[in-house]
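Peer 1: When the letters of the sequence shown are read in order and numbered with numbering that gives the first Met the number 0, they come out as residues 0 to 327.
The beta carbon of each residue, even a glycine, is placed where N, CA and C say it ideally should be.
Since we're looking at a predicted model, the values are computed, not measured.
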Amino acid sequence: MTPRPSGGVVGILVDRKLVAVSIASAMRILRRLGLLGVSLVCFFGCAHVHIKNATPEILPVNASGVYPLTLDFAVASSGVNERSIVARVCVDGRMMSMKRISRGHFSYDYHMPADRASVPYFFEVNYTRQTDAGLQHICEKSPTYQLLLSDHYALGMDTQRGTPGTVVTVIGRGLREGDTVYVNNQAVETKLISPTAIQFRIPPIAADRYYIVELADSHETLHVGKIFIDRGIIKTSPRALEIPKGQSVELVINLSSTALGNGVEIEVTTDIPDAIFVPDLIVRSGRSSITAIIEGAAPARGTLFLRAEGFMETAVPVVVYGTESDKK
0 MTPRPSGGVV GILVDRKLVA VSIASAMRIL RRLGLLGVSL VCFFGCAHVH IKNATPEILP
60 VNASGVYPLT LDFAVASSGV NERSIVARVC VDGRMMSMKR ISRGHFSYDY HMPADRASVP
120 YFFEVNYTRQ TDAGLQHICE KSPTYQLLLS DHYALGMDTQ RGTPGTVVTV IGRGLREGDT
180 VYVNNQAVET KLISPTAIQF RIPPIAADRY YIVELADSHE TLHVGKIFID RGIIKTSPRA
240 LEIPKGQSVE LVINLSSTAL GNGVEIEVTT DIPDAIFVPD LIVRSGRSSI TAIIEGAAPA
300 RGTLFLRAEG FMETAVPVVV YGTESDKK
C-alpha cells in the first residue's frame, strides 16, 4: 500500500546543499525515481557509523607530490550494511572515489599541484541501513579540512633509547638555526648539523621510562618520537680498594656519559662508616669522570656503594688494614 502523505518537511541534498521540501513533494520525487519504498536521508555526524579523518593536519613535502587522504570508520548501529559503505573525498571542489584499503579504512592518493601548499577537502560517506520502515540510504559529510604541506619536519631519531648524556641525532628536512629539541617539555642542548640532521644530548632525567621528544622553533612544534632512557653505568679504577690505616688512596670514578646541566651528584655510602672517610662527589658539567680521595681510619672490611640519578648502582669492595695480615 502506498503511504499517505502527511504534513511536515524533510531534507533532500541538491548540489551539496540541504533543501527543505514537504513530505508530499519528497514522495513525488521518490516515486519518479522508483524509490517510493525506500527512505532517503542525507546528513553527517550520525551515530550509525563513526567517521574519523585519519589524515595528519600537516604532511611533509615529498618528491612525488602524492599525499594520502585517509578516513577511518566504525559501524556503531545494527542494521548497517558494512559492504554498502562507500567513501568519496572532495578536494578543491572535485569529488573522487576513495579506495577501501582494509576493513574500516579508506584512502585516496591526491596529486598536489606543484604551485600549491594547501587544499581544502571534505569526506562523503554513503551506506544503507535496514530499519522497520524499510531501507535507508544515508549520506554523511564531514566538516571541511585543510591539507597543509611543510618542508620543515622531523622524520625520527637514529636511536629510540639511550642513557643521560648520550648524543642523539634527529633526522628531518628543512632543519635550521633556531630549532630546539625538547625532551619531556624541557629544552635540551641542541646542535644543528645540516638541514637534514640536528643533534641533542639526553638530559639528566629519571631512567627506566619513555619520554616525548619534540622539535620546536618560534612558529611550530613538531613531534619527533619517543625515547627510552636507560640507566647509565658507573665504573671505577681500581675495582677494589686496599687502604693502609691512616693513609688515603685515589678512586677514579667514570660515568658512561657526559654530565650535563648542574653536573651529576654521586652519593657514596658504605657499610663501614667508622673505618673510612668518603667526601661528597659531583661530576661537573661537560665531564664524565672524577677522582675521589678515600681515607682509611680503622681496620675493617666492607663495601663502597656509588649511586647517581639515572645510573646503576656500583659496589666497590674495600679493605682497610693496619698490618699485612689484615688484608688476608
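#1: Contact between the region 179 to 189 and the region 280 to 297: three or more CB pairs below 8 Å?
#2: Starting from Gly78 and walking both ways along the beta strand (DSSP E), at which residues does that stretch end?
#3: Count the C-beta pairs between the region 204 to 224 and the region 285 to 305 that are closer than 8 Å, then say yes if the count reaches three, no if not.
#4: Compute the beta-carbon to beta-carbon distance between Thr165 and Ile201, rounded to the nearest angstrom, for a pair I have assumed lies under 8 Å.
#5: Output needed for Thr268: all residues of its chain with C-beta closer than 8 Å, excluding positions within five of it in sequence on either side, in chain order.
#6: According to DSSP, what are the bridge partners of Met156?
#7: Put Glu123 into one of helix, strand or coil per three-state DSSP.
#8: Applying the criterion that 16 or more other CB atoms from any shown protein chain within 10 Å of the CB defines a buried residue, is Thr162 buried or exposed?
#9: Applying the criterion that 16 or more other CB atoms from any shown protein chain within 10 Å of the CB defines a buried residue, is Gly92 buried or exposed?
#10: Straight-line CA distance for Glu241 to Leu254?
#11: Who are the near neighbours of Thr263 in its chain, counting only those whose CB is closer than 6 Å to its CB and skipping five residues on each side?
#12: Whose C-alpha, out of Thr54, Val60 and Ile50, is nearest the C-alpha of Val74?
#13: Please name the residue in Ser247, Lys140 and Val169 whose C-alpha comes closest to that of Ala274.
#14: Quick one: residues in its chain with C-beta nearer than 6 Å to the C-beta of Phe310, no 5 flanking neighbours on either side, listed in chain order?
Peer 2: The short version:
#1: no
#2: Against the sequence shown, residue 78 aligns to sequence position 79. Counting along the chain, Gly78 falls outside any beta strand (DSSP E), and DSSP gives it neither H nor E.
#3: no
#4: Indexing the sequence shown from 1 puts residue 165 at position 166. Indexing the sequence shown from 1 puts residue 201 at position 202. That belief holds up - the Cβ atoms of Thr165 and Ile201 are roughly 5 Å apart, short of 8 Å.
#5: Numbered from 1 along the sequence shown, position 269 holds the residue referred to as residue 268. Answer for Thr268: Val277, Leu303, Phe304 and Arg306, listed in chain order.
#6: By one-based count along the sequence shown, residue 156 stands at place 157. DSSP lists Val169 as partners of Met156.
#7: Position 124 of the sequence shown, counting from 1, holds the residue named residue 123. Note: Glu123 maps to strand in three-state DSSP.
#8: What you label residue 162 is simply residue 163 of the sequence shown in a count that begins at 1. Buried, because 16 or more other Cβ atoms sit within 10 Å of the Cβ of Thr162.
#9: Counting from one through the sequence shown, the residue named residue 92 turns up at place 93. With fewer than 16 other Cβ atoms within 10 Å, it is exposed.
#10: Indexing the sequence shown from 1 puts residue 241 at position 242. Indexing the sequence shown from 1 puts residue 254 at position 255. Cα to Cα, Glu241 sits roughly 22 Å from Leu254.
#11: Translated into positions along the sequence shown, residue 263 becomes position 264. In the sequence under discussion, the amino acid at residue 263 is Val, which differs from the Thr named in the question. Answer for Val263: Val282 and Ala307, listed in chain order.
#12: The residue you call residue 74 lines up with position 75 of the sequence shown. Nearest C-alpha to Val74: Ile50.
#13: Counting from 1 along the sequence shown, the entry for residue 274 is found at position 275. Selected option, being the one with the closest Cα: Ser247.
#14: Here residue 310 refers to the residue found at position 311 of the sequence shown. Arg230, Gly231 and Ile233.
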